[in-house]
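Residues 18 to 425 (the numbering used here) make up the sequence shown, in order. We put the beta carbon where it would ideally sit given N, CA and C, even for glycine. These numbers come from a predicted model, not from an experiment.
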Amino acid sequence: MDAHIETRIDIIRQHLIDPEICIRCNTCEETCPIDAITHDGVNYVVNAEVCNGCMACVPPCPTGAIDNWRNVVRSEAYSVDDQFGWEALPAQNEEVDAPVEVPAQNEEAPVASDTVRGSTVAPWSAARPYVQLYTHKAPALATVVGNYRLTDAAAPSDIRHIVLDFGALPFPVLEGQSIGILPPGTSADGRAHHVRQYSIASPRDGERPGYNNLSLTVKRVQREDSNGSGNGVCSNYLCDLQKGDVVTVIGPFGNTFLMPNHPDSHLLMICTGTGSAPMRAMTEYRRRRRATGETGKLMLFFGARTRGELPYFGPLMNLPKDFIDTNLAFSRTPGEAKRYVQDAMRERADDVAQLLGDGNTHVYVCGLRGMEDGVMQALESIARSHGLDWPALWEQLRREGRLHLETY
Ligand code: FAD
């Protein structure tokens, strides 16, 4: 073996996460089948000694921050501690920017479908999304044109409907996508606050049709025992915004949690709290197109602690019953038994099963991370009790871009 080849074998293709784009959603860490991804209070990083390049984490990443690679000499691979300190990815070292032999273990690496519960592809008829038009280096500026409390004044949780206008700046979005907000200021270590992600709550043609604006549904994160020091940085910043304030935005993000566009497609939507944002966007898009004769069904399961904490309660209840089949579940109504979205789904098992058995049905789950297990179990038991082969159906839903989960 000559010296040249020996050098090339010592070079590895190191998997890295771009700290400027990463929105710290934890999806990659959850997806990694061999625990190669970890995080501190600032960055998500990949341990080069553990990562086998299986790519399981790449499709679920909502921003693409995960899909970064650098050719490095093996003995000089960036350590986890190096990566914790980064504010940006290092440039590629030209001296090692050569074709790299892919490690043999890659060939036997687990595939994403073994670890990812939901689809990593969009519905076949979804419109093509634009992603990452605006970045940390070149963000968009939007003006606040509305900030309204959605929850009852007496309710403990403060959830707000915030409308952002982009003026003449192009900011094309689709229902199900999200944006990143860069809150001003720095954290205790003097570094700029990292970006936070928020689902878009309005349809593609604007919160107000024909306007270049969009809306968000933001919950103020507060520590119950707190003197304020543990309050969420970005949610409090957003919830306190006034009309006319200017916000720094990156994105849009998301190329799989998208709605189908064929007219006979059905939407089975299951959400809690601010997880209602993408469901509102999709429902409103369908409502605006109702006159065009779309025949697909909409079925919604929506959970909150109490009626007063359910965002968009009034407008939702005003939607015609023949347009959307709405089922509410409240888990903390005084004097009543706790009821979660999965309980409401089981009560409507016949109708849910009918939808599940229909190849035009697309399932969306969004909200608190804790809801995912219960909802998946409910889908499984409803399918099984109605004679559907759940493992085969689940795989088919995933493969066909018909099962989308977004919990945080
Ligand atoms: P952070 O400052 O990030 O704090 C997070 C947690 O840490 C809080 O519980 C806080 O109390 C605690 N904490 C902070 N500082 C301290 C401290 N010093 N000591 C102890 N504890 C502390 N949210 C929405 O409201 N609406 C949406 O539509 C929405 N969509 C999302 C979509 C996706 C795909 C993802 C991944 C997330 C989404 N989120 C949404 C969540 C959102 O991105 C933020 O995570 C959320 O608003 C909290 O951010 P924050 O900056 O307010 O809190």
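Contact between Val-113 and Ile-28 holds: their C-beta atoms lie close to 5 angstroms from each other, under 8 angstroms. Between Tyr-302 and Pro-220, the gap from beta carbon to beta carbon is short of 8 angstroms. Annotation for Val-90: the continuous beta strand (DSSP E) segment containing it runs 85-90.
The residue among Pro-351, Thr-312, Glu-311, Asp-57 with its C-alpha nearest the C-alpha of Gly-325 is Pro-351.
Here Lys-236 is buried, its C-beta having at least 16 other C-beta atoms within 10 Å. Taking Val-161 as reference, the option from Leu-275, Val-238, Asp-257 with the minimal CA-CA separation is Asp-257.
DSSP lists Asn-88 as the beta-bridge partner residues of Arg-30. Placement of the Cβ of Ala-159 at a distance of 7 angstroms or more from every heavy atom of ligand 1 is found.
Taken atom to atom, the span from the alpha-carbon of His-210 to that of Ser-204 is near 6 angstroms. Leaving aside the five residues that flank Tyr-151 on each side, the residues in its chain whose CB is nearer than 7 angstroms to its CB run, in chain order, Ala-157, Val-266, Ile-267, Gly-268. Collapsing the DSSP output to three states places Val-190 in coil. Between Pro-146 and Asn-272, the gap from beta carbon to beta carbon is short of 8 angstroms. Each residue's CA atom was taken as its position, placing Gly-331 and Arg-304 some 16 angstroms apart. In the DSSP annotation of this structure, the continuous segment of the beta strand (DSSP E) that includes Met-286 starts and ends at 283-289. Judged by their CB atoms, Tyr-228 and Asp-262 are not nearer to each other than the 8 angstroms cut-off. Between the segment 315-324 and the segment 411-420 there are fewer than three inter-stretch CB-CB distances shorter than 8 angstroms, so the stretches are not counted as touching. From the listed residues Trp-407, Ala-308, Ser-92, Cys-383, the smallest Cα separation to Gln-394 is found for Trp-407. Considered as a whole, the segment 147-180 harbours 157-166 as its complete beta strand (DSSP E) runs of no fewer than 3 residues, in chain order.
Distance between Cys-68 and His-32, taken at the CA atoms: about 8 angstroms.
Spatial neighbours of Val-392 in its own chain (CB-CB distance under 8 angstroms, excluding positions within 5 residues in sequence) are listed in chain order as Ile-287, Val-358, Gln-359, Met-362, Val-382. Beta bridge pairing from DSSP links Cys-383 with Cys-288, Glu-423. Classified as buried, Asn-164 has 16 or more neighbouring CB atoms from the shown chains inside 10 Å of its CB. Relative to the non-hydrogen atoms of ligand 1, the Cβ of Ser-246 comes within a distance shorter than 7 angstroms of at least one. In this model, Ile-176 and Tyr-215 are separated by some 13 angstroms (Cα to Cα). The C-alpha of Pro-36 lies about 31 angstroms from the C-alpha of Trp-141.
At a Cβ-Cβ threshold of 8 angstroms, Gly-197 and Ile-40 count as neighbours.
Approximately 12 angstroms separates the beta-carbon atoms of Cys-45 and Cys-71; this is outside 8 angstroms, ruling out the contact. Taking the Cα positions, Glu-423 is about 37 angstroms away from Val-90. Buried is the label assigned to Thr-80, since at least 16 other Cβ atoms lie within 10 Å of its Cβ. Annotation for Val-59: no alpha helix (DSSP H) segment contains it, and DSSP assigns it neither H nor E.
It is roughly 28 angstroms from the alpha-carbon of Gly-58 to the alpha-carbon of Ala-159.
For Val-238, same chain residues with a beta-carbon under 8 angstroms away, outside a window of 5 residues either side, are Asn-248, Gly-249, Ser-252, Asn-253 in chain order. One Cα belongs to Leu-405, the other to Tyr-425, and the distance between them is close to 29 angstroms. Residue burial annotation: Leu-186 is exposed, with fewer than 16 other C-beta atoms found within 10 angstroms of its C-beta.
Take Pro-200, set aside five residues on each side of it, and the residues of its chain with a beta-carbon closer than 6 angstroms to its own are His-210, Val-250, Cys-251, Tyr-254, in chain order. Closest in C-alpha terms to Phe-340, from the list Phe-347, Ser-348, Met-316, comes Met-316.
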